[in-house]
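K.L.:
The structure that follows is given in the form of structure tokens.
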Amino acid sequence: LPHLPAGPAVLDVGCGEGRFGRFLLSHRPDLQYTGLDFTASLLDLAAAQVPGNFQQRDLSQPEALAGLAEFDLVSCLAVLQHIPGAAHRHALLGEMVAHLKPGGRLILSSWQFLDSARQGRKIRPWTEAGLAANDVEPGDYLLSWQRGTTALRYVAFLDEGSLRMEADRLGCTILTAFRADGREGDLNLYMVWQK
């Protein structure tokens, strides 16, 4: 909360069921919240719980944020790691910064699964998805998912150094970077950038 800008316009990129929106609005009811997600059923859940504007967007595609206004705050929590391809992640980061008002802030989080032996055990060979290692980019991983069902999911490992380079490339200042969450207390990297 100390990094929330004074302005009210918020864009939540990959809002899911609106959990971050609920949190923000519980502390700042004046916020004008816009949530984007690919999954219609999650947007329906969000719209039922959070006052705001909700739109279905494919965040992995170019110009995913086309037609949106500028915002005081853009959040992208636990999303970038699921966008396949470095070029697509670069583009989405660029779009998010472009949609910030001058002085606006971008809050990012990225799962640091390679730093956890427990999470590292979930890494699966690409052959389980019908791919070879040379079909994907360096830093791309396939992880098992075992919450009620067994499935595979794509995850890109984005460390602090690579995100610092992106901030620099986009002309942003990093206000803070820290690790939190999970049993280990450091499974997610959080960063706040300022335009």
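Numbering (this note's numbering), first residue to last: 1 to 195. C-beta atoms are modelled at their ideal positions from N, C-alpha and C, and glycine is treated no differently.
(1) What is the DSSP secondary structure of T34, counted as helix, strand or coil?
(2) Count the other CB atoms, across all protein chains shown, that sit within 10 Å of the CB of D72; report buried if there are 16 or more and exposed otherwise.
(3) Under 8 Å: do the region 68–84 and the region 4–12 share three or more Cβ pairs, one atom per stretch?
(4) Within the continuous alpha helix (DSSP H) that includes F54, where are the two ends?
(5) Is the separation between the beta-carbon of G21 and that of G52 shorter than 8 Å?
(6) Helix, strand or coil: which one does DSSP assign to G21?
(7) Helix, strand or coil: which one does DSSP assign to T127?
(8) Could you give the first and the last residue of the continuous alpha helix (DSSP H) run that contains D44?
(9) Can you check which of these residues, Q112, L152, A117, is closest to L131 by C-alpha distance?
(10) What are the start and end residues of the beta strand (DSSP E) that includes V214?
(11) Where does G103 sit, in a helix, a strand or coil, going by DSSP?
(12) In three-state terms, what does DSSP make of A9?
P.N.:
Taking the geometry as given:
(1) Note: T34 maps to strand in three-state DSSP.
(2) Classification for D72: buried.
(3) At 8 Å Cβ cutoff, the stretches touch.
(4) Taken as a continuous stretch (DSSP letters only), F54 belongs to no alpha helix (DSSP H), being part of the beta strand (DSSP E) at 53–56.
(5) A contact, by the Cβ cut-off of 8 Å.
(6) Note: G21 maps to helix in three-state DSSP.
(7) DSSP places T127 in helix when its eight states are reduced to three.
(8) Per DSSP, the unbroken alpha helix (DSSP H) holding D44 starts and ends at 40–49.
(9) Distances from the CA of L131 to each of Q112, L152, A117 were compared; the closest alpha carbon is that of L152.
(10) For the chain, the structure presents residues 1 to 195; residue 214 sits outside this window and is missing.
(11) It is a strand residue.
(12) If DSSP states are grouped into helix, strand and coil, A9 belongs with the strands.
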